[in-house]
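J.: The structure is given below, and queries will be raised subsequently.
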Amino acid sequence: MPTRQWSIKFPNLAIASDAETLELDGLTSPLRQNPPIAMPQFRRWADLPPDLLCRIGDILDLKCYASARGACTAWRCALAPPSPSLLVVLDDNRYRPSAASLPTQRSFELKPILSGGRCVGSSNGWLALSICLYGGHNMFSLFSPISGTEILLPPLIYESRWVSKLVFAPNPAKDDFVAAAICDIDRLAYVTAGARRKVPPGSVGPDLNAPATVEPLLSESNLPFDPDNSFAPPYNTVSVFTSAKNLVFCEGNLYQIWRNASCTVTLQLPGGGHRRVSENEVLVLRYYPRRQPCWDAVTDLGGYSVFVGRNNAVSMYAEGIPGLKGNCVYWIGGSGRDQGMVFDMETGRSTPCHPVAGVVPGLPKSTICWFFLSDMVNNCNINGGRRVYQTRARVRAERAQDAEE
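Per the working numbering, the sequence shown starts with residue -1, numbered consecutively.
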């Protein structure tokens, strides 16, 4: 009986080609050719659809959300920046804050604050807290509401029970921090890591800090202070009736932000005439070092906006950022309960910030401060922004203009 011989060769494999055939009993017939199976191309993480990224971002906490934005340029463009945010607490749970983000229109839950804590400062994702103890004494600490890390500060050397503001260096650690506190209205105390008490500048002792040197911010030619030589009329008179004042740097320039935090007043000007200052009216003055007077009001910030309050004053380019508007002053206050407000320099009016998704409307709540993960906001934190730092040519041009004026 004849023996049949089989020889099978497979297509699309390295050991056979499409042109090879199936041989049977010496007869040759062409094998039907199939196209090669196309393997799906590997897609990079950066190529994920933006809408999918946004859905994922909606369920992330603040720390993970910020980390996701730092993964690559594509993710950074797809996910809106979380800052600026309003640090908000509900009246029925005052020690569990949330960060209500204006650009993302959502609220991020944060770590709870110690019972009795009062915010007296905020910078680079940290809070400065004054905690009321038994007997009317206060304890001060630096607290990260993102990680829950807390750094206890030495007690005040002053007997003052009121600290209006506490500022501190970025990225504090338990063995490396610098903080300064304004006690009452006219005293300053500072502390560094290793000291056991906060001390006034110039104090020396075995358990105190090394002596501090306090330098004037402006040149000695502007001292002693004289409103008539410092502010252009009528702001030399208005300065007395604006109790809320902040300094802020914006694009290399120094600005003062004034707000009438009391009530509407009509001022009699020295040279005749009147000037009405409305309740919560905001004024923005720029520093011109080569002019006299050296401070004068301006009507815009070149597309930037500033954020003032218990937090360190921050400026950022706001044009094109979701939920923000350029040439505005964002502040906290208003009639009755504190809330986020925005002053439009073009219209001269302040209006409440729009409600943020995630914050239940109608529930009594208080706004503590503006909350930034980083106080150094520049064009790498936003989409389509412009550089924060001026070029040398621009600086020279502005100096020449100041000299001519």
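Ideal placement from N, C-alpha and C gives every residue a C-beta, glycine not left out. The structure displayed is predicted, hence computed values, not measured ones.
(1) How about the stretch 312 to 323 and the stretch 259 to 273: do they share at least three Cβ pairs that are nearer than 8 angstroms?
(2) Give me, in chain order, the residues of the same chain whose beta-carbon lies closer than 6 angstroms to that of Ser348; leave out the 5 immediate sequence neighbours on both sides.
(3) What residue range is occupied by the uninterrupted alpha helix (DSSP H) comprising Arg53?
(4) DSSP state of Ser65, grouped into three classes?
(5) Exposed or buried, Ser81, counting other C-beta atoms within 10 Å across all chains shown (16 or more means buried)?
(6) So the candidates are Asp56, Arg116, Ser303 and Thr71; which of them puts its Cα closest to the Cα of Leu85?
(7) State the beta-bridge partners of Trp43 as determined by DSSP.
(8) By the three-class DSSP mapping on this structure, what secondary structure does Arg289 have?
(9) On the premise that Leu283 lies in contact with Tyr302, defined as a C-beta separation below 8 angstroms, what is that separation, rounded to the nearest angstrom?
(10) Would you give the residue range spanned by the alpha helix (DSSP H) that Val263 belongs to?
(11) Does DSSP put Leu88 in a helix, a strand or coil?
(12) Residues in the same chain with beta-carbon distance under 6 angstroms from Ile129, minus the five sequence neighbours each way, listed in chain order, please.
(13) Within 10 Å of its beta-carbon, does Tyr132 have 16 or more other beta-carbons around it, so buried, or fewer, so exposed?
(14) Between Ile255 and Val165, which are expected to be in contact by the criterion C-beta below 8 angstroms, what is the C-beta distance as a whole number of angstroms?
(15) DSSP three-state call for Leu108: helix, strand or coil?
(16) Which whole-angstrom value is the C-beta distance of Val118 and Arg308, which I expect to be below 8 angstroms?
(17) For Ala259, which residues from the same chain have a beta carbon less than 6 angstroms from its beta carbon, with the 5 sequence-adjacent residues on both sides left out?
(18) Mind reading off the beta-carbon distance from Thr365 to Gln337? Whole number of angstroms is fine, and I expect it under 8 angstroms.
(19) So what's Ala76 in DSSP terms, helix, strand or just coil?
(20) Quick check on Ala78: buried or exposed, where buried means 16 or more other Cβ atoms within 10 Å of its Cβ?
T.: Result, derived from the coordinates:
(1) By the Cβ test, the stretch 312 to 323 is not in contact with the stretch 259 to 273, since fewer than three Cβ pairs between them sit closer than 8 angstroms.
(2) The beta carbon of Ser348 lies closer than 6 angstroms to those of Asn278, Met339 and Phe341 in the same chain, with the five residues before and after it left out.
(3) Per DSSP, Arg53 is one residue of the alpha helix (DSSP H) stretching across Pro48 to Gly55.
(4) Helix at Ser65.
(5) Taking every protein chain shown into account, the CB of Ser81 has 16 or more other CB atoms within 10 angstroms, so this residue is buried.
(6) The option with the nearest alpha carbon to Leu85 is Arg116.
(7) According to DSSP, Trp43 bridges with nothing at all.
(8) Arg289 carries a coil assignment under DSSP once its states are collapsed to helix, strand and coil.
(9) Contact between Tyr302 and Leu283 does not hold, since the beta-carbon distance rounds to 15 angstroms and is not under 8 angstroms.
(10) No alpha helix (DSSP H) holds Val263; the beta strand (DSSP E) holding it covers Val263 to Gln266.
(11) Leu88 falls in the strand class under three-state DSSP.
(12) Leu112, Gly114, Gly115 and Met137.
(13) Burial call: exposed.
(14) Not quite, the Cβ-Cβ distance comes to about 16 angstroms (not below 8 angstroms), so this is no contact.
(15) Three-state result, Leu108: coil.
(16) Indeed, because the Cβ distance is near 7 angstroms, the residues count as touching under 8 angstroms.
(17) Within the same chain, Ala259 has close Cβ partners Ser241 and Ala242.
(18) Approximately 5 angstroms separates the beta-carbon atoms of Thr365 and Gln337; this is inside 8 angstroms, confirming the contact.
(19) Taken through DSSP and simplified to helix, strand or coil, Ala76 comes out as helix.
(20) Burial call: buried.
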